[in-house]
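In this text, residue positions in the sequence shown follow the working numbering: the first is 10, and each later residue adds one.
Every residue, glycine too, gets a C-beta built ideally from N, C-alpha and C.
Because the structure is a prediction, the values reported are computed rather than measured.
Some notes on the structure that comes next.
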Amino acid sequence: MSDILVERLRPYSSSVFEEISRLATSNEAVDLGQGFPDYEGPAAMLELARSAISGGMNHYSSSKGQAVLREAIVAERGRRLGGGYDPLAEVVVTAGATEALTSAMLALVEPGAEVVLIEPYYDSYAAAVAMAGAVPRTVAMVSDGDGFTLDLDELRRSITARTRLLVVNSPHNPSGSLLRPADLRLIAELACAHDFLVVSDEVYEHLVFDADDYLSIATLPGMRERTIVVSSPAKTFHVTGWRIGWALGPAPLIHAIHAAKQYLSFVSPAPFQPAVAHALAHEQEWAAANRAALRGKSELLSTALRDLGYPVKRSAGGYFVCADVGSDGTAFCRELPARAGVAAIPVAALAARSQWNNLVRFAYCKRDATLHEAIARLGKAQS
C-alpha cells in the first residue's frame, strides 16, 4: 500500500506549510510562515457577506461565477489598466487563484508538454504541472544587489519546441521581487515567437509598494490573446479563507478553463461573491491604505532581521521578505518554533535547486504588535 499514490504526485503528498503550521501551533509560536493576515479587511465587505449568508445565499450559483462579480472584476481592471474583457465570456470565477491556475494546467497542457516555472515558486505550481502530467522546466531568479532578478539567458534556453505554457508571478512569491518591464517584454517576445501560453499570477497586483511600477504582461503587444490572468481578493482584502479567485483571458481559453473548473469545485462560494464585487468597486481606498501599511511592516521586519544579523533581500510588494540565515534554512525553520517561538518558511521548499537552501521567507502581513512580539522573541533566542 506504500505506493498507492500515483508516482507523479508523490513529491507533493505533504506540504511544508502544513508541517510548519503544526509546529507553530504546538509551540504557540508567532506564525510568520503562512501568508495570511491577522487583521480583517473592509468592514462593509464583511457585513455584506454576513447579510448574504443570513439572507439565504447559500446554494449553487453559476459555475462561471455570479454576474455581479464578473462585471466588477472586468470593470476594476479596466479602470486601472485599460483594455477590456467581456464579463460573459472572458472571465470565470474559481475557488481561489490556485484552482484557476490548476484548471488552466489541466485544460490547456497535454501530458508530456513542458511548462516553464520561475524558481523559486509558489508550491502549487509544480503540483499543478504534475497533475496535468506535464514536464516542468525551471528558470532561476538570480542575485541583483540586495534582491533578485530573472536570468534572461536561462529563460531563452528554457524554451523548446515542447513548451506549452509559462507561469509569471509578479510581485513574486516568495522573493517579493517585481519583474522588470524588460523581463516581461522578453517573455512576451518568446511567447509570440514560439507560440506558447502564459499564466500571469497577479494575486499581489494591488500590493506593489510603488503602484505606478506595476505592469501586467497581458497588456503587452500580442499577449492578450495568449495570456490567462489569474487573481484573487484574498491578499488584497484579507480574505484568504473565502476561496474566491478568477481567470481572465480570451473566450476560447476561458471556456477551456471553465470546462476543467466545473468538475473540480463546480461553483465558488456563493455568499462571498457579492461582497468581493463590492470591495473591487468601493474599497480601493482601503486597499491603498493597507498597501502603505504593508510597506511599513516590511521595513519594520526587514530592519529587525538585519539588526539580528540576517541579510535581507529587498521586497517590492506582496506579503513576504526573505532573509539569508547562513545555514540550512529547512533545519532552521523546523527548529525555530521551539527555539524562538516564531514560525517561518524555508525557501528551499519552494524550489528544486539547492541554491536557495540558506533563504527563509517571513510574512509581514501582521499587526504591528504581532511583528514586535516576533522580533522580541527572535532577539531573545539569540541572546
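Candidates G44, L18, G64, T172: closest to V202 by CA position:
For the sequence presented, residue 202 should be read as Ala rather than Val. Minimum Cα distance to A202 is reached at T172.
Would the beta-carbon of V177 fall within 8 Å of that of R146?
no
Would you call M67 buried or exposed, if buried means 16 or more other Cβ atoms sit within 10 Å of its Cβ?
With the sequence shown as reference, residue 67 is identified as Asn, and Met is not the correct amino acid for it. Exposed: under 16 other Cβ atoms inside 10 Å.
Since M232 contacts A197 with CB under 8 Å, what's their CB separation in whole angstroms?
5 Å
Which of the three DSSP states is assigned to W255 in this structure?
strand
Using a 10 Å radius around the Cβ and a threshold of 16 neighbouring Cβ atoms, would you call K244 buried or exposed?
buried
Q271 and S72 look like a contact to me (Cβ under 8 Å); what is the Cβ gap, rounded to whole Å?
5 Å
What three-state label does DSSP hand T103 in the structure shown?
strand
Residues bridged to T147 [DSSP beta-bridge criterion]
L126
Whole-angstrom Cβ separation of R370 and P180, contact assumed at under 8 Å?
That pair is no contact at about 13 Å.
Considering only C-alpha positions, which residue in the set P320, F205, E85 is nearest to I168?
F205
What are the boundary residues of the alpha helix (DSSP H) that C201 is part of?
190-203
What separation, rounded to the nearest whole angstrom, lies between the Cα atoms of G250 and P96?
25 Å
One or two residues paired with C331 in a DSSP bridge:
R370
Whole angstroms is fine: what's the gap from V15's alpha carbon to T312's?
45 Å
Between the segment 211-220 and the segment 324-334, can you find at least three pairs of beta-carbon atoms closer than 8 Å?
yes
On the DSSP letters alone, give me the boundaries of the alpha helix (DSSP H) that T236 sits inside.
That residue, T236, is in no alpha helix (DSSP H); its beta strand (DSSP E) goes 236-240.
To the nearest angstrom, how far is the alpha carbon of S307 from that of V83?
30 Å
A122 to E163 span [Cα, whole Å]
19 Å
In or out: A332 buried (at least 16 other Cβ within 10 Å) or exposed?
buried
S112: which of F275, S225, D316 sits nearest, CA to CA?
F275
When burial is assigned at 16 or more other CB atoms within 10 Å of the CB, is G305 buried or exposed?
exposed
Take P320 as the anchor and find which of P261, E234, G154 has the nearest alpha-carbon.
G154
Which of the three DSSP states is assigned to L18 in this structure?
helix
Would you call Y223 buried or exposed, if buried means 16 or more other Cβ atoms sit within 10 Å of its Cβ?
buried
Buried versus exposed call for D316 [16 or more other C-beta atoms within 10 Å across all chains shown]:
exposed
Quick one: give me the first and last residue of the beta strand (DSSP E) that F341 is part of.
Premise fails: F341 lies in the alpha helix (DSSP H), 338-349, not in any beta strand (DSSP E).
Just checking my contact of T103 with S277 at CB under 8 Å: how many whole Å lie between their CB atoms?
6 Å
Cβ of R235 within 8 Å of Cβ of A200?
yes
What are the boundary residues of the beta strand (DSSP E) that includes D210?
206-210
On a Cα-Cα basis, can you pick out the residue from A260, D12, V351 that is closest to E37?
V351
Exposed or buried, Y393, counting other C-beta atoms within 10 Å across all chains shown (16 or more means buried)?
Since the first residue of the chain shown is 10 and the last is 392, residue 393 is not available in this structure.
Identify the residues that DSSP records as bridge partners of I354: which are they?
R370
Taking 8 Å as the threshold (C-beta atoms), are A109 and G254 in contact?
yes
Counting only the same chain and skipping the five closest in sequence on each side, list residues whose C-beta sits under 6 Å from that of L32.
P346
Check this for me: beta carbons of A349 and R376, under 8 Å apart or not?
no
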